[in-house]
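Undergrad: One structure follows; several queries about it will come next.
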Amino acid sequence: MSSTKGKEITLSEKMTLYLNEALSMENAAVERLQLRIKQTKIENVKQRLRLHLEETREQQNRLKQLISDVGGKNPTKDKARLPIPWATKTMANMIGRMMTSAELELKEAKQDAVIENAEIVHYDMLMQLAERMGVTNAISVLAQSLSEEKAMAEWIRTNAPDVLMQLWPEIDASIAKREEAQSVKT
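Count along the sequence shown from 1, then add 9; that gives the number in the numbering used here.
Written out as structure tokens, the structure reads:
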């Protein structure tokens, strides 16, 4: 047991903290997935996001059960800040002026991939912690969530070329329009 500021932290409290950290990430992911489902205009992306939303809700339920199993009392309702790369203020202004809805869709897809891969690392580390802490009943449950996150990340990766192909006509037209406007100015 370790001591912080004079208070002994039990194994149960420590594991509850780690599980709640994962739960807060899934809580935020549910909110993001709901928004992405509304925003995307690509039907197969919308369908896959819906499936992953269902998986994410199950992941929340599994984490809540694990928290209870290790003696935790109150699963968190907090939402973590998801690991989304943010542009500088200058770039954000340029993006706002120059990006088409198709380009914004690609940006969101890249962010989806970053989030999924962060969740993969998180679940992998959480499984290792559970093993080292002797909370062996959590390992198979966490492995299921890890598998779902890997499947989503792989889906994003393998479908990225198709998504780009669907969005390309709008992006290409926008580029041509900008180039035409530039040539008229000169």
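All C-beta atoms in this analysis are idealised placements derived from N, C-alpha and C, irrespective of residue type, glycine included. All values derive from a computational prediction rather than experimental measurement.
Excluding five sequence neighbours on each side, which residues of the same chain lie with their C-beta closer than 6 Å to the C-beta of Asn198?
TA: Absent from the model: residue 198. The displayed extent of the chain is 10 to 195, so no value can be given.
Undergrad: Roughly how many whole angstroms lie between the Cα atoms of Leu135 and Ser77?
TA: Within the sequence shown, residue 135 is the residue found at index 126, counting from 1. Within the sequence shown, residue 77 is the residue found at index 68, counting from 1. Looking at the two C-alpha atoms, the distance is approximately 16 Å.
Undergrad: In this structure, does DSSP put Ile18 in helix, strand or coil?
TA: Position 9 of the sequence shown, counting from 1, holds the residue named residue 18. Correct three-state label for Ile18: strand.
Undergrad: Ignore the nearest five residues each way along the sequence and tell me which others in Asn168's own chain have a CB closer than 8 Å to its CB.
TA: For the purposes of this step, residue 168 is taken as residue 159 along the sequence shown, with counting starting at 1. So the list reads Asn53, Val54, Arg57, once near-sequence residues are dropped.
Undergrad: Would you identify the three-state DSSP class for Met108, choosing helix, strand or coil?
TA: In the sequence shown, residue 108 corresponds to position 99, counting from 1. In the structure shown, Met108 sits in coil (DSSP, three-state: anything other than H, G, I, E or B).
Undergrad: Compare the Cα-Cα distances from Ile129 to each of Asn146, Met108, Ala190, Gln153 and report the closest residue.
TA: Sequence index remark: in the sequence shown, residue 129 carries index 120 (1-based). Residue Gln153 is the option with its Cα nearest to Ile129.
Undergrad: Output needed for Asn36: all residues of its chain with C-beta closer than 8 Å, excluding positions within five of it in sequence on either side, in chain order.
TA: Taking the first residue of the sequence shown as position 1, residue 36 is located at position 27. Within the same chain, Asn36 has close Cβ partners Gln69, Thr85, Lys86, Asp87, Lys88, Ala89.
Undergrad: Using the rule of at least 16 other Cβ atoms within 10 Å of the residue's Cβ for burial, across every protein chain shown, is Glu189 buried or exposed?
TA: Walking along the sequence shown from the start, residue 189 turns up at place 180. Glu189 comes out exposed.
Undergrad: Where does the unbroken alpha helix (DSSP H) through Asp181 begin, and where does it stop?
TA: On the sequence shown, residue 181 is found 172 positions in, with the first residue counted as 1. Taken as a continuous stretch (DSSP letters only), the alpha helix (DSSP H) holding Asp181 covers 146–194.
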